[in-house]
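Asker: Can you read through this structure? Questions will come right after.
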Amino acid sequence: MKRTIPIVIAFLVGMGLMLDNFITFAPLNTAAVSVRSWLVIIALFSIMVAALNLLLVHIPRIQRRQGSWIQSSVLITFMLLTIITGIFMGTKNVVYSTFYDGILTPGSTTVNSLLAFFIASAAVRTFRARSLESSLLLLTAILLMLSNVTIGSAISKYIPVIGQWVTNVPNATAQRGLIITSSLAFVTINLRNILGLSTQWLGGKD
Amino acid sequence: MKNRLFDPDKRITYLLLLLVMIFPLINPLGIAIKPSENTLLAYNYVENLQPGSTMILFIDYGMGQSAELTPQVIASLKHFADKGLKLFAATQVPEMATALSTYLAQTYGAANKEYGVDYVDLGYFAGAESAIGAMGDSLIDVFKADANGTDLTTLPIFKNVTKLPDINVMFAVTASGTIPFIRQANAKFGMPIIFSVNAVMGPANVPYVQSGQAVSVLVGSTGAAEYETLISQPGTASAAMDAQSLAHLVIILLIVWGNIGYFLEQKRGKEKNA
Amino acid sequence: MQISQDPIVWLAAFVTISILSFVFWNDSPFYKYVQSAYLGVAAGVTVVVGWSNIKNQVITPLTNGNYTIIIPVLLGLLLIVRFIPGLNWVARYPVAVLVAGGAGLGLANTVQAQFISQIKAGLKPLNSIDNVLMFVGLLAVISFFFLTGRTTRVMEKMKLGWLTRFGRIVLMVAFGASFGTTVMGRCSILIGRLQFLLTDFLGL
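Chains as they are written, first to last, in the numbering used here: chain A, 1 to 206; chain B, 207 to 480; chain C, 481 to 684.
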């Protein structure tokens with residue numbers, strides 16, 4: 001019951017939704033429409049699960065004064081303040097807006113912007129023309145870097161032209177190969193999930 | 207022994223990068239922006255749409271990528287408003303729901319378009335690809351109400367639109383993947399899709415344009431700057447291009463410098479062993 | 481230069497500079513606490529938006545007598561039961577629906593969207609160097625993925641080892657192209673932050 005019924009559910013749902021694309025059979029098609037709309041509602045609850053999980057990880061840490069418990073306190077405080085003001089005072093109130101515009105927006109963007117430093121530093125320290133393949137990678141990267149920005153066309157009118165050719169021919173060829181092979185992997189993995197041959201998504205031992 | 211000249215402290219690299227980015231932001235160089243093939247494809251496609259055509263916008267990127275993708279959203283929305291396209295806008299990232307409302311206010315709102323008639327903010331939807339699949343059956347069942355809680359059946363914009371295939375074209379701005387949109391909209395209903403993706407994903411999506419599954423793929427802030435040039439409304443992306451250029455040039459020069467050091471080290475090593 | 485008077489802009493500038501301080505100061509306490517605050521707000525915003533959707537899509541229809549959504553609501557609630565010790569296996573039912581739903585939705589269209597369409601796009605008339613390169617390149621890349629490893633010696637014996645090597649070279653070009661555009665992407669986010677500091681905050 002703990003493992004068998006979920007596997008049966010997965011088989012029925014997966015097969016039903018897949019066959020709905022190929023078979024015109026009113027009960028199947030109607031059921032598929034319903035199941036597709038159910039997925040949206042179930043996904044909504046999974047967001048709440050993620051938030052609950054965050055609380056269950058950080059609150060014990062705060063209670064036991066373990067590790068970086070001060071940072072956990074800051075995280076939980078701001079999370080609860082945002083939830084309380086957002087739900088009970090609306091998303092247009094000044095506190096929620098301040099958190100959104102003053103903390104979330106700059107915080108999120110700046111954390112991502114750190115990658116610019118790291119990619120530059122990594123490229124400078126490790127990008128070496130050690131072999132034919134790495135030289136080709138290096139030259140292509142430099143060419144595309146120049147052709148992607150305005151200075152490339154200012155240096156030479158041929159840089160954007162060659163860059164476009166590299167993007168449309170060898171790059172597209174390789175990416176096409178990657179798409180084809182990854183689609184086969186996708187089909188394999190998901191068929192195995194639906195047919196119950198792979199049960200990793202069940203988790204646990206019981 | 208490490209040669210400090212050819213392998214400097216990483217903080218020097220960081221400082222140099224910051225300086226070459228800050229300088230052109232204060233003193234722009236004014237290097238011309240020339241629209242690329244992909245940007246022209248997208249722009250011309252929208253230009254050829256009739257006023258009153260319907261467009262659905264999906265925002266599928268987090269706040270972290272907003273610096274790269276929001277300029278494209280703003281430029282495109284200005285173009286859509288100008289062309290009189292009826293817009294359905296939604297996001298599958300919770301933190302972008304508020305931002306989406308702001309973008310619509312800055313573009314459709316500022317162009318005096320009527321809410322509920324010319325455009326609608328559908329807000330956040332959960333479920334990603336599953337939800338897009340469900341939209342193929344019924345948009346109203348997936349959303350039920352707009353971002354303000356208004357029943358969708360009361361909005362005039364939904365008069366002739368009940369499900370995804372009723373909409374003429376999709377504009378998907380994504381940092382997580384184009385495949386769900388291609389699978390659920392283009393493969394199923396033949397819906398034309400214009401993609402705007404972050405730079406990382408740009409090269410990987412060229413095959414979809416070549417196969418006709420996507421109208422075009424606009425790439426990162428360069429695509430946004432080119433689009434701003436085409437609609438003659440320069441914005442933040444255009445202002446950033448000079449800084450991009452200098453930053454790229456400096457990184458390339460540092461890579462070349464590092465490689466010169468590498469080859470000299472290799473030569474010294476060979477001479478020692480000889 | 482006209483520094484902003486808006487307290488939200490000041491707060492945003494403080495958050496930006498605190499996080500950027502990590503680059504030059506690994507142990508920056510500003511970075512640590514500001515990052516925790518931002519993560520807390522991000523989680524809170526997700527909950528607020530999720531709750532708004534639950535109100536619109538679950539509570540309002542139920543209070544209006546639409547009981548067709550009872551099954552997905554019950555399945556969704558079962559997801560939360562996973563936190564009760566001894567009952568976490570109950571969450572497998574909704575997870576089964578989610579996993580299989582995503583798989584079923586994607587499977588049927590993947591073959592058309594990614595496999596057949598891309599093979600069609602790769603089979604162009606061999607009437608130009610580009611088309612020949614694309615055709616041979618596609619075969620080379622696919623052979624690199626499928627025919628490297630245990631079949632390498634077989635390929636060498638059949639004098640086709642060059643095909644997998646050529647596939648590797650084509651892939652290196654693609655990775656170089658990806659790297660080139662990745663640098664642009666990362667730089668644009670940093671430039672966006674600098675634009676905010678210089679324009680919105682310092683008024684330059």
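Glycine is no exception: its CB is placed at the ideal position from the N, C-alpha and C atoms. The structure presented is a predicted model; accordingly, all values stated were derived computationally and were not measured.
Residues bridged to residue 325 of chain B by DSSP?
Answerer: Beta-bridge pairing links residue 325 of chain B to B:293 and B:321.
Asker: Are the CB atoms of residue 268 of chain B and residue 299 of chain B within a distance shorter than 7 angstroms?
Answerer: Result yes, Cβ atoms of residue 299 of chain B and residue 268 of chain B sit closer than 7 angstroms.
Asker: How would you call residue 552 of chain C, buried or exposed, if buried means at least 16 neighbouring beta carbons within 10 angstroms?
Answerer: Looking at its Cβ environment, which holds 16 or more other Cβ atoms inside 10 Å, residue 552 of chain C is buried.
Asker: Looking at chain C, which residues of the stretch 219-234 of chain B have a Cβ within less than 7 angstroms of any of its Cβ atoms?
Answerer: Of all residues in the stretch 219-234 of chain B, 220, 227, 228, 231 and 232 have a Cβ within less than 7 angstroms of some Cβ in chain C.
Asker: At a CB-CB cut-off below 7 angstroms, which residues of chain B make contact with residue 171 of chain A?
Answerer: Ordered by position in chain B, the residues that pass the 7 angstroms Cβ test against residue 171 of chain A are 409 and 412.
Asker: Is the Cβ of residue 506 of chain C closer than 7 angstroms to any Cβ of chain B?
Answerer: Chain B contact via Cβ: absent.
Asker: Using a Cβ-Cβ cut-off of less than 9 angstroms, give me the residues of the stretch 8-20 of chain A that come near chain C, in sequence order.
Answerer: Against chain C - using a Cβ distance shorter than 9 angstroms - the residues of the stretch 8-20 of chain A are 8, 9, 10, 11, 12, 13, 14, 15, 16, 17, 18, 19 and 20.
Asker: So for residue 424 of chain B, helix, strand or coil by DSSP?
Answerer: Residue 424 of chain B falls in the strand class under three-state DSSP.
Asker: Could you tell me the distance, in whole angstroms, from the CA atom of residue 207 of chain B to the CA atom of residue 127 of chain A?
Answerer: Its pLDDT being 48, under 50, residue 207 of chain B is placed unreliably by the model, and the measurement read from it follows with that caveat. If I take the Cα positions, the gap works out to 19 angstroms.
Asker: Who are the near neighbours of residue 194 of chain A in its chain, counting only those whose CB is closer than 7 angstroms to its CB and skipping five residues on each side?
Answerer: Once the five neighbours on either side are set aside, the close Cβ partners of residue 194 of chain A are 10, 11, 14 and 15.
Asker: For residue 680 of chain C, which residues from the same chain have a beta carbon less than 7 angstroms from its beta carbon, with the 5 sequence-adjacent residues on both sides left out?
Answerer: 484 and 489.
Asker: How is residue 239 of chain B classed by DSSP in three states: helix, strand or coil?
Answerer: In the structure shown, residue 239 of chain B sits in coil (DSSP, three-state: anything other than H, G, I, E or B).
Asker: Quick one: is residue 614 of chain C near chain B, going by C-beta distance under 7 angstroms?
Answerer: Not closer than 7 angstroms to any Cβ of chain B, the Cβ of residue 614 of chain C fails to qualify, so no.
Asker: Would you give the residue range spanned by the beta strand (DSSP E) that residue 263 of chain B belongs to?
Answerer: Run containing residue 263 of chain B: 260-266, per the beta strand (DSSP E) assignment.
Asker: Output the distance between the C-alpha atoms of residue 203 of chain A and residue 375 of chain B, rounded to the nearest integer angstrom.
Answerer: One C-alpha to the other measures close to 41 angstroms.
Asker: Of all Cβ atoms in chain A, is any one closer than 7 angstroms to the Cβ of residue 547 of chain C?
Answerer: So, not an interface residue.
Asker: Residues of the stretch 159-188 of chain A in Cβ contact with chain C at a cutoff of 9 angstroms, in chain order, please.
Answerer: Per Cβ criterion, the list reads 163, 165, 166, 167, 168, 169, 170, 171, 172, 173, 174, 175, 176, 177, 178, 179, 180, 181, 182, 183, 184, 186 and 187.
Asker: For the stretch 409-421 of chain B and the stretch 164-183 of chain A, state whether three or more C-beta atom pairs, one from each stretch, are separated by less than 8 angstroms.
Answerer: Output reads yes: the stretch 164-183 of chain A touches the stretch 409-421 of chain B.
Asker: Return the residues of the stretch 95-109 of chain A that lie within a Cβ-Cβ distance of less than 8 angstroms from chain E, sorted by chain order.
Answerer: The structure shown contains no chain E; its protein chains are A, B and C.
Asker: For the stretch 433-447 of chain B and the stretch 234-254 of chain B, state whether three or more C-beta atom pairs, one from each stretch, are separated by less than 8 angstroms.
Answerer: They touch, by the three-pair rule.
Asker: Identify the continuous alpha helix (DSSP H) that holds residue 443 of chain B and give its terminal residues.
Answerer: Run containing residue 443 of chain B: 442-479, per the alpha helix (DSSP H) assignment.
Asker: Work out the CA separation of residue 73 of chain A and residue 54 of chain A for me, nearest whole Å.
Answerer: Distance between the alpha carbons of residue 54 of chain A and residue 73 of chain A: 12 angstroms.
Asker: Run the CB neighbour count on residue 500 of chain C, radius 10 Å, all protein chains shown included, and call it buried at 16 or more, exposed below.
Answerer: Per the 10 Å Cβ criterion, buried.
Asker: Among C:623, C:498 and C:676, which residue has its Cα nearest to the Cα of residue 513 of chain C?
Answerer: Checked all of C:623, C:498 and C:676; the closest Cα to residue 513 of chain C is C:498.
Asker: Just confirm the distance between the C-beta atoms of residue 303 of chain B and residue 333 of chain B, as a whole number of angstroms; I'd bet it's less than 8 angstroms.
Answerer: With a Cβ gap of about 15 angstroms, residue 303 of chain B and residue 333 of chain B do not count as contacting.
Asker: When you compare the CB of residue 48 of chain A with every CB in chain B, is at least one pair closer than 7 angstroms?
Answerer: No - not a single Cβ of chain B is within 7 angstroms of the one on residue 48 of chain A.
Asker: What first and last residue would you give for the beta strand (DSSP E) that runs through residue 378 of chain B?
Answerer: Start and end: 375-380.
Asker: Which residue marks the beginning of the alpha helix (DSSP H) containing residue 336 of chain B, and which one marks its end?
Answerer: Where residue 336 of chain B is concerned, the enclosing alpha helix (DSSP H) stretches over 335-341.
Asker: Could you check whether the stretch 385-396 of chain B touches the stretch 109-124 of chain A, counting it as contact only if at least three pairs of C-beta atoms, one from each stretch, sit closer than 8 angstroms?
Answerer: Output reads no: the stretch 109-124 of chain A does not touch the stretch 385-396 of chain B.
Asker: According to a CB-to-CB cut-off of less than 7 angstroms, which residues of the stretch 317-340 of chain B neighbour chain C?
Answerer: Against chain C - using a Cβ distance shorter than 7 angstroms - the residues of the stretch 317-340 of chain B are 330, 332, 335, 336 and 339.
Asker: According to a CB-to-CB cut-off of less than 7 angstroms, which residues of the stretch 516-546 of chain C neighbour chain A?
Answerer: Taking 7 angstroms as the Cβ-Cβ cut-off against chain A, the residues of the stretch 516-546 of chain C that qualify are 516, 517, 518, 519, 520, 521, 522, 523, 524, 525, 526, 527, 528, 530, 531, 533, 534, 537 and 538.
Asker: Do residue 431 of chain B and residue 447 of chain B count as a contact pair if the criterion is CB distance below 7 angstroms?
Answerer: Yes.
Asker: Indicate whether the contact test is met: 3 or more Cβ pairs, each with one atom in the stretch 144-163 of chain A and one in the stretch 174-193 of chain A, closer than 8 angstroms.
Answerer: Touching, no.
Asker: Between residue 217 of chain A and chain B, is there a C-beta pair that is closer than 7 angstroms?
Answerer: Outside the modelled stretch of chain A, which goes from 1 to 206, sits residue 217 of chain A, for which no answer is possible.
Asker: Along the chain, where does the beta strand (DSSP E) containing residue 182 of chain A start, and where does it finish?
Answerer: Note, residue 182 of chain A: premise wrong, no beta strand (DSSP E); alpha helix (DSSP H) at 172-194.
Asker: Pick out the complete beta strand (DSSP E) segments inside the stretch 353-419 of chain B, 3 residues or longer, and give them in chain order.
Answerer: List check, beta strand (DSSP E) in window: 375-380 and 399-403.
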